[in-house]
Each structure stands twice: as structure tokens, then as C-alpha cells.
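Count the sequence shown with this note's numbering and you get residues 1349 to 1585, in order.
No residue lacks a Cβ here, since even glycine has one placed at the ideal position from N, Cα and C.
The block underneath contains the structure these notes are about, expressed in C-alpha cells.
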Amino acid sequence: MSGGQIDHLLAGWGYPVVFAFVAIESLGVPFPGETALITAAIYAGSSHRLSIGLVIAAAMLGAIVGDNAGFALGRWGGARMLQRYGHLVGFSEARAKLGRYLFMRHGGKVVFFGRFIIGLRTWAAFLAGMNRMRWGRFLAFNAAGGIVWALVYGYAYFYLGATLQRASTGVQIALAAIVLGVIAGWVSYLRRHEARLQREAELALPGPLGAAFPQPRPGPSNPPPPTRRARAREGRS
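The structure is reproduced here in C-alpha cells:
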């Protein structure tokens, strides 16, 4: 794809692309949602053919809509969905246990700060649903995290794009190298940190995955199993 084609794509479809990519990633599918926000923000700063305000709004809306859909999937699909489809999207039972462990220790903070962490951003909403977090509490942390994340990343990369437009080629290369180095270091740190937390989670939550998560309360759509006496009465009737 040529530079002109990329320019045309971003200028014409930048906002819906940011919304869709962020929403899909937030739903629980590994997808370059944050990359779409960063790319659109840099493009807005360097070309001024996109409104940074609308780019940020699209990212906010995508984060909130996608996270709430992921929360519903985790709440009603839970461990069954994970065991059946988790391997297709790289979400293992070990990572689900890690998520349970983090929710036990930090609660709603996982939803807010998870928006800023690679990997956890994709699964935080689904895990909140599996942990049967109250929806109102989830929405508060989710909306706050999505808004702050979109504002911070959107404006930071918007000004980076504007700086790159004015800078010489040498400065552009140096800035790009610094950004890539910071990203690589952050990813390396997260991987090491995840491995340590994974060991802690396995010690804190031994046994099968289903036993680690709270079970839904009995209700009209999820009645408790009949007692032995009730089954005997049914057999005599």
C-alpha cells in the first residue's frame, strides 16, 4: 500500500477504524486497538487531516462499548467459554487464574489500570465478568480508565506527530528510536512481571479453574439442584 493510499484511508476512515479496532481489542480479541489510536493521533498531529478530539472520542467510545460487551461475555459465558475458545485467542487457563488473583488483590483497580497494560487491556473486562464484579462498579472504573487512556495516549502522540513534522530527518530517526526503545523495555518488564505473578497465582489458587472463580447465585434462570427429598416426591407423583 502506497503512502497516498494510507493517507486516503486514514483521512476517510480514521474515526471508525479507531472505534472498531479499540472495541474489538476490548472485547477480548488480540487486536491492534492501541496501535490504531497511536497511528491516528500521530497522523492527526502531522497532517491535521483528522481532528484529535474526534480521534480521542472514538477511542473512548470503543473502549467503553467493547469492554462492556467483554464484561457480559465473561459474566454469562465465563469458564465454559474460556475452556472452549480461549486457545483460539491466546487466553489460557493460567492467565485466567492470574486475572482472578489480581482481582482478589486489587479489585476495580485492575479494570482502570488494565487499560494501560498490554495483554491485560484485552482481558480485563472479561475477567471482571468472570469475577462477578457488580456492573455499576465495573462501568465506573471502565469509563474512567477508557477516558484517561484515550486522552493521555491521544494527546501525547498527537504532539509527537506535530513534532516529527517540524523536525529534521535525523531528529525524526532519534525520536523514533527512543519511542521504540521505551516500548521494547516496557514489554520486557511486563513479561518478567507476569511470570512472577503467575507463580504467585498458582500458589494462591491451586486446583481446577472453575473452583477459582465465584459461582452464580441461584435464581429463576439458574435454580439450585433439587434435593434428594424433592426428587423422591417427584418419583412418587
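*May I have the straight-line CA-CA distance separating residue 1382 from residue 1370, to the nearest angstrom?*
7 Å
*asked:* Taking a contact to mean a Cβ-Cβ separation below 7 Å, would you say residue 1366 touches residue 1420 in this structure?
replied: no
*In three-state DSSP terms, what is residue 1380?*
coil
*What first and last residue would you give for the alpha helix (DSSP H) that runs through residue 1418?*
1400 to 1424
*Three-state class that DSSP yields for residue 1454 in the structure shown*: helix
*Counting pairs of beta carbons, one from the region 1469 to 1486 and one from the region 1445 to 1457, are three or more of them closer than 8 Å?*
yes
*Thinking C-beta only, is residue 1388 closer than 7 Å to residue 1414?*
no
_To the nearest angstrom, how far is the alpha carbon of residue 1485 from that of residue 1532?_
33 Å
*asked:* Does the region 1483 to 1498 come into contact with the region 1448 to 1464, if we say contact requires no fewer than three beta-carbon pairs (one atom in each stretch) closer than 8 Å?
replied: yes
*Starting from the Cα of residue 1380, find the closest Cα among 1467, 1359, 1510, 1526 and give me that residue.*
1467
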